[in-house]
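Here the structure comes first, spelled out in structure tokens, and everything after it is commentary.
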Amino acid sequence: MKFFMKIAVLLIPICASASPIESRVGVYAECVKWTTVNGVEHSKGFEYALKEDQSQYLEIKYYTGTAKCEGDGEVVMKAENFQILDRIGKFPQVLTMTLKDLDGGDYYKLLLGGDSLVLTSSATLPVEYDIQRTIILTKVQ
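To get the working numbering, take the position in the sequence shown, counting from 1, and add 1.
And the structure:
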């Protein structure tokens with residue numbers, strides 16, 4: 002129950018600030034300090050792009066020697082061949098989408114609102130909100 006309360010607290014401000022798709026089109030990103038090995042910091046960069054034609058991509062890069070995703074990272078995952086399984090609202094009024102990566106087989110649940118995107122990944126449907134597989138991305142363009 003506490004887990005669902007945390008998710009609700011997180012999602013209410015995002016959904017409350019929902020705006021038309023024109024303001025949602027763009028690139029959303031976040032950098033996460035991943036680990037430190039032998040005193041060397043490593044990070045992962047997450048980037049999701051939503052385009053006006055509804056095409057999209059998700060990319061994850063691994064950065065060695067920096068906790069702030071500086072320099073050129075190694076692409077560890079790139080997905081751009083998505084099937085939209087469901088969406089609440091009609092484009093251009095998208096608030097949530099469930100996607101399937103047709104190449105990798107993973108599923109994603111996206112919650113768009115304001116200048117933020119909550120992204121949850123899962124190996125199966127339905128996508129369950131797991132704090133370990135959820136990240137908040139902030140709009141950068």
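Virtual Cβ for every residue (Gly too), placed ideally from N, Cα, C.
Can you give me the Cβ contacts of residue i inside the same chain, cut-off strictly under 8 Å, excluding the 5 residues immediately before and after it?
{"i": "D104", "result": "A80, N82"}
{"i": "T125", "result": "Y108"}
Considering only DSSP beta bridges, list what residue i is partnered with.
{"i": "R88", "result": "M98"}
Excluding the 5 residues preceding and the 5 following residue i in the sequence, name in chain order all residues of the same chain whose CB lies nearer than 7 Å to its CB.
{"i": "D44", "result": "For the sequence presented, residue 44 should be read as Ser rather than Asp. Contacts found: C32, V33, K34, W35, Y64, T67, A68, K69, C70."}
{"i": "D116", "result": "T139, K140"}
Out of curiosity, what's the CA-to-CA distance linking residue i and residue j?
{"i": "R134", "j": "K101", "result": "15 Å"}
{"i": "S123", "j": "N39", "result": "32 Å"}
{"i": "E53", "j": "V26", "result": "6 Å"}
{"i": "Q84", "j": "I132", "result": "24 Å"}
{"i": "D87", "j": "T99", "result": "5 Å"}
{"i": "E129", "j": "T121", "result": "8 Å"}
Within the same chain, show all residues whose beta-carbon is closer than 6 Å to that of residue i, passing over the 5 residues directly before and after it, in chain order.
{"i": "G46", "result": "C32, K62, C70, G74"}
Give the list of continuous beta strand (DSSP E) stretches no shorter than 3 residues that lie fully inside the stretch 19–74. You should have 27–38, 41–51, 57–65.
What beta strand (DSSP E) runs, 3 residues minimum, are completely inside the stretch 112–142? For the stretch 112–142, whole beta strand (DSSP E) runs of length 3 or above, ordered along the chain, are 117–123, 135–140.
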